[in-house]
Structure formats: structure tokens, C-alpha cells
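Throughout the sequence shown, residue numbering follows our numbering, covering 3 to 101 in sequence.
Cβ atoms here follow ideal geometry from the backbone N, Cα and C, with glycine treated the same way.
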Amino acid sequence: DGSQVSHTVTLTRFESSTQHDLMGYWGPPTAGIDWCERNHVVSHYIAEFYNTLSNIGLVAAGAYAIWQSAREGYGLRFIVAGGAVLLIGFGSAAYHGTL
3 DGSQVSHTVT LTRFESSTQH DLMGYWGPPT AGIDWCERNH VVSHYIAEFY
53 NTLSNIGLVA AGAYAIWQSA REGYGLRFIV AGGAVLLIGF GSAAYHGTL
């Protein structure tokens, strides 16, 4: 029918973590790239403040899953799954907070 479909691809370039970083409480940054946010701009103690803050949802969801699974007797596998989500939330917060 002669119609054409156009697709656009957007590439994101991650910057070297040493280009614009501020020195924080934890020492010089050791991560190889910045994850969409400059380091130590909001807080001297938290490298990527908003990436760290966004993990509150994972921690809350994991804690709620553990509590609800134990309360309703869903079984160990659901408690373990909630614990995994909770652990991922804390681990990601620690990573983005300290880089």
C-alpha cells in the first residue's frame, strides 16, 4: 500500500564517573560509569541521591510481602521471595549511595 513505518532509536551515552563528580564522604568514586545522576550533588553522604531514594519502594514491597505472607500463611517460598526483593532494595541503595 506504499505506507512506511519510521522507527527512532535513542542511544544514551553514560559519562565517565570521574568527569563531574564531587568528592563525597565515602572517598573518590570507584564506579566506572554514572547511572543518570551526578555524584554527591544533593548530599555529601549519598552519591546518587535519587537513585538511592528510589529503592524505598523495593524495601517497602519486600517488607510488606514478608509480613503479608507470614500473616496469611502463604508458605516459605513467598517469604523468601519477599526477602529477595527486600535484599535487592537494600543492596541497590547501598550501591547507589556509596559508589
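- In the pairwise beta carbon analysis, the segment 37–53 is classified as not touching the segment 70–78: fewer than three pairs are separated by under 8 Å.
- Per DSSP, ILE68 is one residue of the alpha helix (DSSP H) stretching across 58–74.
- As a beta-bridge residue in DSSP terms, GLY29 pairs with GLY26.
- Annotation: GLY85 to ILE68 spans about 7 Å, alpha carbon to alpha carbon.
- In summary, GLY91 is buried, with 16 or more beta-carbon neighbours lying within 10 Å of its beta-carbon over all protein chains present.
- When rounded, the separation of the alpha-carbon atoms in ILE48 and ALA62 is 20 Å.
- Take the alpha-carbon of ILE58 and the one of GLU50: they are about 14 Å apart.
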